[in-house]
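Report on the structure given below.
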Amino acid sequence: MKKTWIGIGLSILSVCSIGVLLFLGGCGKDEVEPQAIDPETDICVNCNMSVPDDQYATELVLADGKYMKFDDIGCMYKWMEKNSDENIEQGFVRDFNSKEWVDEEDATYVYGMEIETPMSFHVISFEDADDAKDYADSHSAKVMSYSDLENHKWVKEMKSGDHNM
């Protein structure tokens with residue numbers, strides 16, 4: 002009889018342990034996903050221009066769940082410089098070729114004066130590092146990593162001969 006009660010007790014303990022593990026496993030953070038861009042309503046929070054649904058669009062997701070949308074990678078970084086106290090959960094950029102969303106930390110970047118971007122920061126992103134290298138090689142540009150962007154000089158640079166009226 003004693004062995005039966007021990008067996009039942011161990012079975013109950015095992016089931017309870019599995020239940021607790023499953024419950025705790027479900028308590029992790031939900032994966033953050035990018036939001037679709039709506040050019041009719043989405044405005045860049047840095048420059049106040051419309052955000053087109055194109056390969057230059059970027060977004061940040063704050064810890065409180067708020068989405069910040071940008072029309073240029075440079076606008077996103079200028080906003081982060083001005084709002085360094087904000088708690089950023091996740092950042093997304095677009096692959097230049099496919100326009101698919103990419104985690105900003107996983108992307109490879111290309112910077113060059115011949116690269117035209119909406120706000121003239123001249124930086125674009127790629128999901129595939131080989132695509133970035135090929136693009137950089139054919140446009141006399143420089144390949145950059147996510148960590149390189151922190152030290153990048155984020156200024157609008159007009160190409161020689163360009164000027165605003």
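In case it helps, my numbering puts the sequence shown at residues 2 to 166. All residues carry an ideal CB built from backbone N, CA and C; glycine is no exception.
At which residues does the beta strand (DSSP E) containing glutamate 90 begin and terminate?
89-95
Taking the alpha-carbon positions, what's the glycine 29 to histidine 153 distance?
Here glycine 29 scores only 48 on pLDDT, less than 50, and its place in the model should not be relied on; the value that follows carries that caveat. Cα-Cα distance, rounded: 34 Å.
Does the segment 121-128 come close enough to the segment 67-87 to have 3 or more Cβ pairs within less than 8 Å?
yes
Can you name, in chain order, every residue of its own chain whose Cβ lies under 8 Å from the Cβ of isoleucine 151, other than the five neighbours on each side?
Sequence inspection shows glutamate at residue 151; the isoleucine mentioned does not correspond to that position. Excluding sequence neighbours, glutamate 151 sits near nothing in its chain.
The alpha helix (DSSP H) with aspartate 131 in it runs from where to where?
130-139
Give every residue of the same chain whose Cβ lies closer than 8 Å to the Cβ of aspartate 107, excluding the five residues on either side of it in the sequence, and list them in chain order.
Glu128 and Tyr147
Thinking C-alpha only, which one of Ser121, Asp149, Gly66 and Met114 is nearest alanine 142?
Met114
Aspartate 104 to asparagine 84, Cα distance in whole Å?
20 Å
How big is the Cα-Cα spacing for glutamate 90 and valine 62?
6 Å
Is the beta carbon of methionine 159 sitting closer than 8 Å to the one on valine 111?
no
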